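Shown next, in structure tokens, is the structure this report addresses.
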Ligand SMILES: [Zn+2]
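In my numbering, the protein residues as written are 8 to 174.
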């Protein structure tokens with residue numbers, strides 16, 4: 008089983024080589040290549056399949072590492088989280104749910120302490136989250152090529168990790 012450092016060095020070398028190859032041998036616009044490379048780097052450093060254990064990517068979250076505690080409880084190390092590409096989807100979904108719950112809780116508490124009735128606060132929170140989801144979805148539709156490049160970058164990062172774990 009390769010160490011976290013081996014995963015990071017391997018991924019970074021592959022990301023650099025892949026970016027250079029794509030830039031020189033294809034007509035893919037540079038901003039899309041850069042988007043894929045950036046998400047692959049972020050995937051390596053923050054959204055690795057090894058987020059299912061106390062790993063380097065988890066430590067990279069700093070004080071926010073506790074957000075991944077439920078994920079580590081749900082997924083056993085090198086289990087479902089290491090199944091490609093489903094494991095990648097679980098981490099993205101987990102990240103979005105965690106962000107939504109955090110924003111929702113913050114908004115709910117803010118409305119409650121501002122004097123709103125609990126039902127009013129809940130309704131306002133639901134509307135706020137619905138608004139954010141709409142904005143996010145419109146962003147995806149407006150910049151779909153960038154989101155696709157970003158998704159490919161994350162998948163490449165995870166794919167390399169899972170492949171290296173098998174070797
Ligand atoms: Zn692993």
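Using N, Cα and C, we set each Cβ at its ideal position, and we do this for glycine too. All figures in this text were calculated on a predicted structure; none of them were measured in a lab.
- The count of Cβ pairs closer than 8 Å, one atom from the segment 134 to 142 and one from the segment 17 to 25, stays below three, leaving the stretches out of contact.
- Counting only residues whose CB is nearer than 5 Å to a non-hydrogen atom of ligand 1, the list in chain order is 56, 57, 172.
- The C-beta separation of residue 29 from residue 40 comes to about 5 Å, placing the pair in contact by the 8 Å criterion.
- Its Cα nearest to that of residue 165, the residue 52 stands out among 52, 10, 33.
- A direct Cα-to-Cα measurement between residue 60 and residue 25 gives close to 28 Å.
- Taking the CA atoms as reference points, residue 163 sits about 46 Å from residue 121.
- Looking at the backbone, the Cα of residue 172 and that of residue 119 are separated by about 48 Å.
- Shortest Cα-Cα distance from residue 77 to any of 85, 98, 63 involves 98.
- Annotation for residue 75: 58, 65 place their beta carbon closer than 6 Å to its own, counting only its chain and skipping 5 residues before and after.
- Between residue 63 and residue 15, the C-beta gap is smaller than 8 Å, which places the two residues in contact.
- Taking the CA atoms as reference points, residue 153 sits about 19 Å from residue 102.
- Taking all protein chains in view, the Cβ of residue 132 is crowded by 16 or more other Cβ atoms within 10 Å, so the residue is classified as buried.
- Straight across, the Cα-Cα distance linking residue 85 with residue 56 is about 8 Å.
- The residue from 43, 10, 9, 36 with its alpha-carbon nearest to that of residue 155 is 43.
- The beta carbon of residue 117 sits closer than 8 Å to none of the beta carbons in its chain outside the five residues before and after it.
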